[in-house]
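With our numbering, you'll find the sequence shown wraps up at 1113, consecutive numbering, no jumps.
For glycine and all other residues, C-beta sits at the position ideal for the given N, C-alpha and C.
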Amino acid sequence: MANGMRPKVFVVTSGKGGVGKTTFTSNLGCTLAKMGERVCLIDADIGLKNLDVVLGLENRIIYTSFDVVNGTVSAKEALVKHKQLKNLYLLAASQVATKEMISPEDMKRIVQELYDDFDYILIDSPAGIERGFRNSVAPAEAAFIVTTPELPAISDADRVIGLLENYGFTEDRMYIVLNKFKIHMAKRGDMLDKTDVEKALAMRLIGVIPDSEEVIVATNKGIPAVLEDGVVIGKSFENIVKRVKGEEIPIDEDLKGVSKGFISSLLSMFKKR
């Protein structure tokens, strides 16, 4: 990537499972596509694979990244188009292969083949910092580090930041996302606040995603939440995209409408009774 150019290949990582990394990847990809960008999502969690499930594409998978590596098909031939967003594609992970069967060089070749056809390529890294992490980081130009407002998750995020620095990532190419944020708990002092996380990691947040039952419901339906009408987190993802593109948007904008969204959800529940 030439100096001064905005990155287009992002690894999404966390260092710890359970922080919502794959859900973040799917929702960010859908948000970018809704905003008119050509987007490719790559599931690098070889052997487990989840990205196809949260996108509702598990029954459409014919080829995976492993088929690309062993020469069965090209990377472009292995892509699956999203049902609703025609400019969003997925390269699925194999459930039968292992992480050791794909190398960092393989991942670089896959991304290189797809590079000119997309505006953004998001690589969903497996949890942990082993081979799968190295594979995911190898072709990336920038990184989203997803964490939650809990000390173990913050500690793991800090460790991942150090590893990414060892791989040559600079601070302006690392974006911290605070996921599953409960504003009422933070106000009571029962949960780390946004500023606490920024101080602990010595980095600014690129976005805050409020904790929402809507995400759980949508994920269980195989629909990224941002594709549902009126969801609270939709604005958070739009703001993240705008910030990555260089816009200055106050971080508190991500939490506007959270209380309103909660009340709307309650009213909706009562109407269904």
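Looking at the structure shown, is residue i part of a helix, part of a strand, or coil, going by DSSP?
{"i": "LYS926", "result": "coil"}
{"i": "SER1014", "result": "The question names Ser, yet the displayed sequence has Met at residue 1014. Note: MET1014 maps to strand in three-state DSSP."}
{"i": "ASP946", "result": "helix"}
{"i": "LEU1067", "result": "helix"}
{"i": "PHE906", "result": "helix"}
{"i": "PHE973", "result": "helix"}
{"i": "ASN1019", "result": "strand"}
{"i": "VAL1098", "result": "helix"}
{"i": "VAL920", "result": "strand"}
{"i": "LEU931", "result": "strand"}
Quick check: the Cα distance between residue i and residue j, rounded to an integer number of angstroms?
{"i": "LEU1106", "j": "GLU1054", "result": "Low local confidence applies: a pLDDT of 39 at LEU1106 is under 50, so the model's placement there is unreliable, with the coordinate-based value given in what follows. Answer to the nearest angstrom: the Cα atoms are 12 Å apart."}
{"i": "ALA842", "j": "GLY1029", "result": "Note that ALA842 scores 45 on pLDDT, short of 50, meaning its location in the model is unreliable and no value can be drawn from it."}
{"i": "GLU898", "j": "ALA982", "result": "28 Å"}
{"i": "GLY1101", "j": "PHE1021", "result": "Because the pLDDT at GLY1101 is just 45, under 50, the model does not fix this residue reliably, and the value given afterwards should be weighed accordingly. Cα to Cα, GLY1101 sits roughly 14 Å from PHE1021."}
{"i": "ASN975", "j": "MET1031", "result": "34 Å"}
{"i": "ARG1083", "j": "GLU1093", "result": "12 Å"}
{"i": "VAL859", "j": "ALA932", "result": "21 Å"}
{"i": "GLY855", "j": "LEU991", "result": "13 Å"}
{"i": "VAL920", "j": "LEU1067", "result": "18 Å"}
{"i": "HIS1024", "j": "ARG1013", "result": "31 Å"}
{"i": "LEU895", "j": "ILE1080", "result": "20 Å"}
{"i": "ARG1113", "j": "LEU962", "result": "Residue placement at ARG1113 is flagged as unreliable, the pLDDT there being 39, under the threshold of 50; a coordinate-derived value is accordingly withheld."}
{"i": "THR1035", "j": "PHE1009", "result": "23 Å"}
{"i": "TYR903", "j": "LYS889", "result": "13 Å"}
{"i": "ILE1056", "j": "GLY972", "result": "26 Å"}
Restricting to Cα atoms, I'd like to know which of the options is closest to residue i.
{"i": "ILE985", "options": "VAL1066, ILE1049, PRO979, VAL1000", "result": "VAL1000"}
{"i": "ALA915", "options": "ILE950, GLY1074, GLY972, LYS856", "result": "ILE950"}
{"i": "LYS1027", "options": "SER995, PRO989, ALA873", "result": "PRO989"}
{"i": "VAL852", "options": "ASP885, ALA873, SER1052, LYS874", "result": "ASP885"}
{"i": "VAL936", "options": "LEU891, LEU895, ILE1089, GLY887", "result": "GLY887"}
{"i": "ALA967", "options": "PRO1050, ASP883, GLN924", "result": "ASP883"}
Just to confirm the assignment, what range does the beta strand (DSSP E) spanning residue i have?
{"i": "GLY1047", "result": "1045 to 1050"}
{"i": "VAL852", "result": "849 to 853"}
{"i": "ILE963", "result": "960 to 964"}
{"i": "ALA983", "result": "982 to 987"}
{"i": "VAL879", "result": "879 to 883"}
Return yes when at least one heavy atom of the ligand SAM lies under 7 Å from the C-beta of residue i, else no.
{"i": "VAL1098", "result": "Ligands displayed in this structure: none; no statement on the ligand SAM is therefore possible."}
Give the C-beta separation of residue i and residue j to the nearest angstrom, bearing in mind that I take them to be a contact with Cβ-Cβ under 8 Å.
{"i": "ASP964", "j": "LYS861", "result": "7 Å"}
{"i": "GLU877", "j": "ASP946", "result": "So it is not a contact: roughly 25 Å between Cβ atoms."}
{"i": "TYR1007", "j": "VAL1048", "result": "Wrong, their Cβ atoms sit about 26 Å apart, outside the cutoff."}
{"i": "ASN910", "j": "PHE1077", "result": "The pair is not a contact, with the Cβ atoms about 35 Å apart (cut-off 8 Å)."}
{"i": "TYR929", "j": "CYS880", "result": "5 Å"}
{"i": "LYS1041", "j": "ILE994", "result": "The sequence shown places Leu at residue 1041, not Lys. Yes, LEU1041 and ILE994 are in contact; Cβ-Cβ is about 7 Å, under 8 Å."}
{"i": "PRO1064", "j": "ALA1058", "result": "6 Å"}
Can you name the start and end residues of the alpha helix (DSSP H) that residue i belongs to?
{"i": "GLU1078", "result": "1074 to 1084"}
{"i": "PRO992", "result": "991 to 1006"}
{"i": "LEU872", "result": "861 to 874"}
{"i": "ASN899", "result": "Where ASN899 is concerned, there is no enclosing alpha helix (DSSP H), given that its DSSP letter is neither H nor E."}
{"i": "ASP1030", "result": "Where ASP1030 is concerned, there is no enclosing alpha helix (DSSP H), given that its DSSP letter is neither H nor E."}
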